[in-house]
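A short write-up of the structure that comes next.
Structure follows, in structure tokens:
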């Protein structure tokens, strides 16, 4: 379903997300070490990222990086799990520190270097603690390499990213959404950005194993999802950061927000237009491919017909020899009659016979040309019983050579029906010859071919041709009517039954087979009465 090109691209984005998370943590720690408030709180009146959260993001990003390869070593996987579990523990301490002082002491002991430097006395928000618990639990699930848990981790990461949209929109509108609902200070902008990177990193790290694997698809659905996902990943952080960074004296916060929203709407429109053009191009390419496939199938059918004529050449030549031999005999008789008296009256009968046999030979040749040119069937009202007899007469030489008895159970009450005599004879001849070939390894006393004709329950004429050969397994039965499928090795081309099916379907009927291994096979086809 997915393609290696898109999968590699998504995995690289997951690596960038992991490095981005670690970079955010390092930048914030640099800000604390060097007393640069702009690096950990952006502006004085906005919430800040604590050193503990920054340190946690460093090894959370490391855990995300370690767990990304499709086949990770045991040592790497264990290291990633330990870092993920450490993030869960730190998240619990951050969450509990809102209600008790003991977690603060434990957190300080866990981050002893930061405590010695006395970088900050600020507490992490409960929201940050809960987010660490959820994201690090998702990373731990990711490490277990089970599809169900990977799905859980991806969906948890997706919903957490969607919740962070409220944080970014809060910064865009100068409204602390968490403070409105909980009364506590909200999440810092760098903290929300780092969590968003972790969330997208979890989704993309093993995207091919979870629900979001459609993102790596080369089909239209994959293209749409990738565009929508990237838009969702980029738009909320930009909406949160740009009003804070771009705002200055000449423009108010609201004006910056309006300009940003206008720009983003324009970007969305351009992305949608570009996506529409790409989908339209893919649809055009798909239609062209379908047309080429149909053309290829048409050419293949034509080649099948030409090759099948080669297999039938001996039988058709035998059929043509009969009327031509009759023409020669009648012509010789005419010469003898001319040498006798009263020739004019006696010549009428042989000359009429010559004309009939010549027309018969001409009709056979015309049908051959129609088959080569793939013209529609030339249907005439014909007796199915007579058509079967004539077809079996063509195959008699081959079956006699193998000493295969031909048994007939033909219902003489079957009415005449419209059909192309030559084409239906071709179908019967091909099936009978296949049945004969299938009995090469069958003991001579068990060889036989049974041909039945009758009106079935649907009111159609049905012809069954049964042999006592080696039969077919279920797999071969599914493919036996496909082109180039043969059991004859180099001696067969695998095109006869495919052509037979085309002929029967062109007559409005159906061709199928019933068979079991070592139990022979019965090929059946139906022809509509009218």
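Numbering (UniProt numbering), first residue to last: 1 to 530.
For glycine and all other residues, C-beta sits at the position ideal for the given N, C-alpha and C.
All figures in this text were calculated on a predicted structure; none of them were measured in a lab.
Among the candidates 139, 35, 388, whose CA atom is the shortest distance from the CA of residue 430? 388
Check whether the Cβ atoms of residue 196 and residue 242 sit closer than 7 angstroms, and answer yes or no. no
Note down, one range per segment and in chain order, each alpha helix (DSSP H) of at least 4 residues found wholly within the stretch 20 to 74. 38 to 41, 51 to 66
So is residue 11 buried or exposed if we call it buried at 16+ other beta carbons inside 10 Å? buried
C-alpha distance - residue 96 paired with residue 269, whole-angstrom precision: 45 angstroms
Three-way DSSP call (helix, strand, coil) for residue 447 in this model: coil
Under a three-way DSSP split, which group does residue 390 fall into? helix
Run the CB neighbour count on residue 507, radius 10 Å, all protein chains shown included, and call it buried at 16 or more, exposed below. buried
Residue 24 versus residue 283: straight-line alpha-carbon distance, rounded: 42 angstroms
Who are the Cβ neighbours of residue 530 in its own chain at under 8 angstroms, not counting the five residues just before and after it? 417, 418
Where do the ends of the alpha helix (DSSP H) carrying residue 193 lie? 189 to 205
Touching by the beta-carbon criterion (3+ pairs, under 8 angstroms), the stretch 135 to 142 and the stretch 72 to 89: yes
Pull up the distance between the alpha-carbon of residue 512 and that of residue 476, whole angstroms please. 12 angstroms
Looking at C-beta atoms only, is the number of pairs between the stretch 447 to 459 and the stretch 405 to 416 that lie closer than 8 angstroms three or more? yes
Looking at the ligand FMN, does it come within less than 6 angstroms of residue 444, judged from the CB to the closest heavy atom? The ligand FMN is not part of this structure, which contains no ligands at all.
Spatially closest choice to residue 460 from 500, 403, 510, by CA coordinates: 510
Using the Cα positions of residue 159 and residue 230, report the straight-line distance between them to the nearest angstrom. 15 angstroms
By Cβ distance below 6 angstroms, which residues in the same chain neighbour residue 473 in space, the five residues on each side in sequence not counted? 517
Which word fits residue 527, buried or exposed, when buried means at least 16 other C-beta atoms lie within 10 angstroms of its C-beta? buried
Considering only C-alpha positions, which residue in the set 6, 465, 469, 480 is nearest to residue 522? 465
6 angstroms Cβ shell around residue 504 - same chain, five flanking residues per side excluded: 511, 525
Following the continuous alpha helix (DSSP H) through residue 515, name the residue where it begins and the one where it ends. Here residue 515 belongs to no alpha helix (DSSP H); instead the beta strand (DSSP E) covers 511 to 515.
Suppose you measure from the CA of residue 154 to the CA of residue 39; what does that come to, to the nearest Å? 30 angstroms
Helix, strand or coil at residue 437 according to DSSP, with G and I counted as helix: helix
Chain C beta carbons: is any one of them nearer than 7 angstroms to that of residue 412? Included in the structure is just one protein chain, with no chain C present.
Based on the DSSP output, what are the partners of residue 208 in its beta bridges? None, per the DSSP bridge assignment.
If you draw a straight line from the alpha carbon of residue 127 to that of residue 286, how long is it in whole angstroms? 49 angstroms
Residue 397 versus residue 442 - alpha carbon distance: Reliability fails at residue 397, whose pLDDT of 43 lies under 50, so the model's placement of it is uncertain and the value that follows must be treated cautiously. Residue 397 and residue 442: Cα-Cα distance of roughly 19 angstroms.
Rounding to the nearest angstrom, what Cα-Cα distance links residue 288 and residue 279 in this structure? 14 angstroms
Excluding sequence positions up to five away, which residues of its chain have a Cβ less than 6 angstroms from the Cβ of residue 210? 150, 151, 154
Which listed residue (239, 67, 62, 275) has its alpha carbon closest to that of residue 263: 239
State the CB to CB distance for the pair residue 354 and residue 330, rounded to an integer number of angstroms; the pair is presumed to be in contact (CB under 8 angstroms). 5 angstroms
Could you check where the alpha helix (DSSP H) with residue 165 kicks off and where it finishes? 147 to 172
Is it the case that the Cβ atoms of residue 132 and residue 199 are separated by a distance below 7 angstroms? no
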